[in-house]
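Student: This structure is in structure tokens; I'll ask about it shortly.
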Amino acid sequence: MSFLSVREICRGISNKNTLYTFLFVLLHQSSIAFSIFASVMVSGYILEINQHYEALKLWVFLYIVAMILPHIIGYFSDVYKEKWLCESLSRFWQSATKRYQSCTDSRTVDHTLGVYVSQGKSAISDFIGYAFWGMSSGLNFFLSLLMITAFIDWRFFVSVMISVLLILGFNKIISSHLENNAVTTHKAGSSLTSTLSTIHDNVHFGSSVNALAYQTRFEEGKAKYLGLRIKEAVFRYNALLVSSLLALAPTSCVLLFIFTSSSVPMEVKVASIVNLTRIYHLLNSASDIVSLLISFPSIKGQLSVMTCFSKNKPLYQPQWNIAILKDNESVDTVNLAQAQEGRFRVVGENGSGKTSFLRHLCAKNDYLYFNPSKRLLWPWDDSAILSDGMYSAKSIQWLLENSSGHLILDEWDAFLDSENTKKIGALIDSYADSRVIIEVRQ
């Protein structure tokens, strides 16, 4: 999946289940449209029941079938919509994982994590729900309008088109405001995720003072996010209310004219009565079309947040002033990258960028990375009861014995006494004959 633009994201979300979903939605809405035609035939034969009783029975049967069939077909469209969503989420996580793992810019990584963890899933789910809603509402609207216009009265087409034009003009006025609201709200939501992560890290690996400070920041961010979300929703619902009124008024006037005018044929009045629910459902579909138009900027805004994974986005290049040694001899980064075995040591003053260099290597080369200052979950489950030194020794031993990739050990001896440092150092030497091991020592 490419994250270069909203259009590329939409292409990445599409898959074979998108087509199946569309086909079942088309069958679903076509059967609804056919029920309108069948009801018109029933209305005509009711007025001439004595002359066409057998034909009336046939069309009543077809009308009932056309009313039942959409519920059966709708089951399949719902199933394939869910398959579409699941495959799209799988593609997103697969692509976003690679992009996030290569992100080394501390200024943007928290926002990217927020989008990866929650906002991306929400955006994709909302987009597919929006697309499914668009397919159903669009086909229902246009097919039903075609049938009603062709077989009941052409004035319905005029009234609905007036509503659409009114709503399009209204949507034009408010669309940019809706999109900006969506972007602002979802960015605020992403920042909450990063603040929560910082609180967790400070509680377990940092200081309680910092944790309390970030907790205060989280409370402020939460209030901001919830306030923005309510503000966005209120504005959107106000817009929907106005657009619904614009949609209902013209067609309601046409219905009043049809039922009160003596110039309108009786069969048109009967057909209108039989299809009164369908006609107002058509107005609901028109309102849905309007809602789709109004919601489009919000959906676009949500998807645009995912462009933070864009591969064209330049990565932050950290600076370091370090040396790489092997057997006390200097080695350049080219030879390090080409090495297949050996023990390498990264040296430099405090603040020279040793850890930044190691993380850069991990991002570029997919090395295994270990730093004992952050406890991890391991296949063995007794890490919580181990001292820092015992945890370091057991972790390194497990990595050496149970993994085969190139390994980075960042300040691995920080919690070890001299005896255990010597023991683990000898173990590292024995495994460095068959793999690359890069280390930073205290």
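This note's numbering puts the first residue of the sequence shown at 803, with every later residue one more than the last. All C-beta atoms, glycine included, are put in the ideal place defined by N, C-alpha and C. The model shown is predicted, which means the values in this text are computed figures rather than measured ones.
Closest by CA to residue 1242, which one among 1125, 1195, 1204?
Tutor: 1125
Student: Cutting at 8 Å between CB atoms, please list the residues of its own chain near residue 952, excluding the five before and the five after it.
Tutor: none
Student: Closest to residue 979 by C-alpha separation, out of 959, 1035, 964, would be which residue?
Tutor: 1035
Student: Curious, which full-length alpha helix (DSSP H) runs of at least 4 residues does the region 1038 to 1103 contain?
Tutor: 1068 to 1076
Student: According to the neighbour-count rule (16 or more other Cβ atoms, all chains shown, within 10 Å of its Cβ), is residue 921 buried or exposed?
Tutor: buried
Student: Does the contact criterion of 3 or more C-beta pairs under 8 Å hold for the region 1014 to 1032 versus the region 1050 to 1066?
Tutor: no
Student: When DSSP builds the beta bridges, which residues end up paired with residue 1144?
Tutor: 1238
Student: Only counting the same chain, and skipping five residues up and downstream in sequence, which positions put a Cβ closer than 7 Å to that of residue 1026?
Tutor: 990
Student: Excluding the 5 residues preceding and the 5 following residue 1115 in the sequence, name in chain order all residues of the same chain whose CB lies nearer than 7 Å to its CB.
Tutor: Only weak support exists for where residue 1115 lies, its pLDDT of 49 falling under 50; the value from the coordinates is given anyway. Result list for residue 1115: empty, nothing under 7 Å.
Student: For residue 1258 and residue 1092, I'd like the C-alpha separation in whole angstroms.
Tutor: Any property of residue 1258 remains undetermined from this structure, which presents the chain solely from 803 to 1244.
Student: Where do the N-terminal and C-terminal ends of the alpha helix (DSSP H) with residue 836 fall, by residue?
Tutor: From DSSP, the alpha helix (DSSP H) with residue 836 extends over 818 to 849.
Student: Confirm, please, whether the CB-CB distance from residue 941 to residue 827 is below 8 Å.
Tutor: yes
Student: Out of 944, 1163, 1217, 1040, point me to the one whose CA is closest to residue 1136's CA.
Tutor: 1163
Student: Ignore the nearest five residues each way along the sequence and tell me which others in residue 1234's own chain have a CB closer than 8 Å to its CB.
Tutor: 1143, 1144, 1145
Student: Expressed to the nearest angstrom, what Euclidean distance is found between the alpha-carbon atoms of residue 993 and residue 917?
Tutor: 9 Å
Student: Taking 7 Å as the limit between beta carbons, can you name the residues of its chain near residue 1080, skipping five residues before and five after?
Tutor: 838, 946
Student: Where does residue 1321 fall in DSSP's three states?
Tutor: Residue 1321 lies beyond the range of the chain shown here (803 to 1244); nothing can be said about it.
Student: Compute the Euclidean distance between the alpha carbons of residue 1180 and residue 1187, then round it to the nearest angstrom.
Tutor: 13 Å
Student: So does the region 814 to 831 actually touch the region 875 to 883, counting three or more Cβ pairs closer than 8 Å?
Tutor: yes
Student: If we cut at 8 Å on Cβ distances, does residue 1068 have a partner in chain D?
Tutor: As a matter of chain content, chain D is missing from the structure shown, which is built from one protein chain.
Student: By the three-class DSSP mapping on this structure, what secondary structure does residue 932 have?
Tutor: helix
Student: Decide if residue 938 is buried, meaning its Cβ has at least 16 other Cβ atoms within 10 Å, or exposed.
Tutor: buried
Student: I need the DSSP call for residue 1211, collapsed to helix, strand or coil.
Tutor: strand
Student: At what residues does the beta strand (DSSP E) containing residue 1170 begin and finish?
Tutor: 1170 to 1172
Student: DSSP three-state call for residue 1124: helix, strand or coil?
Tutor: coil
Student: Counting only the same chain and skipping the five closest in sequence on each side, list residues whose C-beta sits under 6 Å from that of residue 1215.
Tutor: Taken in chain order, the residues that qualify are 1223, 1243, 1244.
Student: Do residue 806 and residue 1112 come within 8 Å of each other at the CB atom, strictly closer than that value?
Tutor: yes
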